[in-house]
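S.K.: Here it is: the structure, laid out below.
Numbering (our numbering), first residue to last: 599 to 766.
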């Protein structure tokens, strides 16, 4: 079964960070969790937590330097999360370049299009236009305005007499 999420740019950024964190934890890159989630801490507590997480990598993977999933289930989890992360990261980079008016640079991994990881194809991340619609009640009054794709639109269309039109 396939699903479609309609998310804001901020939500896509959060999905990006969460997927990267899940992927890295699955292969023992626990110290990267510190960089992802704890950078706003003061230096001493940050370093202490980072060091503890680095030590935990050895317990998980059997190596202090090798990133590897300890079993097939965690490897599959890593590959699935990495495919989601890669697709979100790519889209966020494309949008950043568009906003800044700069070309995508081949000198960064951010510009590499998403690829299959293990058994997992990357999800399709397609921006939707920022179109607002108005939900009109049976008397012809605009009840509220929502972005295209918002769940309230389908709910309104299911109600007798309600309609939806593009906002001016």
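All C-beta atoms, glycine included, are put in the ideal place defined by N, C-alpha and C.
#1: Within the same chain, show all residues whose beta-carbon is closer than 7 Å to that of residue 709, passing over the 5 residues directly before and after it, in chain order.
#2: For residue 621, which residues of its own chain have a beta-carbon under 6 Å away from its beta-carbon, when the five flanking residues on both sides are left out?
#3: Between the beta-carbon of residue 686 and the beta-carbon of residue 625, is there less than 7 Å?
#4: Is it buried or exposed for residue 715, if we count other Cβ within 10 angstroms and need 16 for buried?
#5: Which first and last residues belong to the alpha helix (DSSP H) in which residue 609 is found?
#6: Whole angstroms are fine: how far does the CA of residue 720 sit from the CA of residue 760?
#7: Given a cut-off of 7 Å, decide if residue 743 and residue 732 are closer than it, judged by their beta-carbon atoms.
M.R.: From the atom records:
#1: Taken in chain order, the residues that qualify are 691, 702, 703.
#2: Closer than 6 Å at the Cβ level, and outside the excluded window around residue 621, lie 676, 679, 680, 683.
#3: 7 Å or more divides the Cβ of residue 686 from the Cβ of residue 625.
#4: With 16 or more Cβ atoms within 10 Å of its Cβ, residue 715 is classed as buried.
#5: For residue 609, the enclosing alpha helix (DSSP H) starts and ends at 607–624.
#6: Those two C-alpha atoms are separated by around 38 Å.
#7: In terms of Cβ geometry, residue 732 and residue 743 form a close pair [threshold 7 Å].
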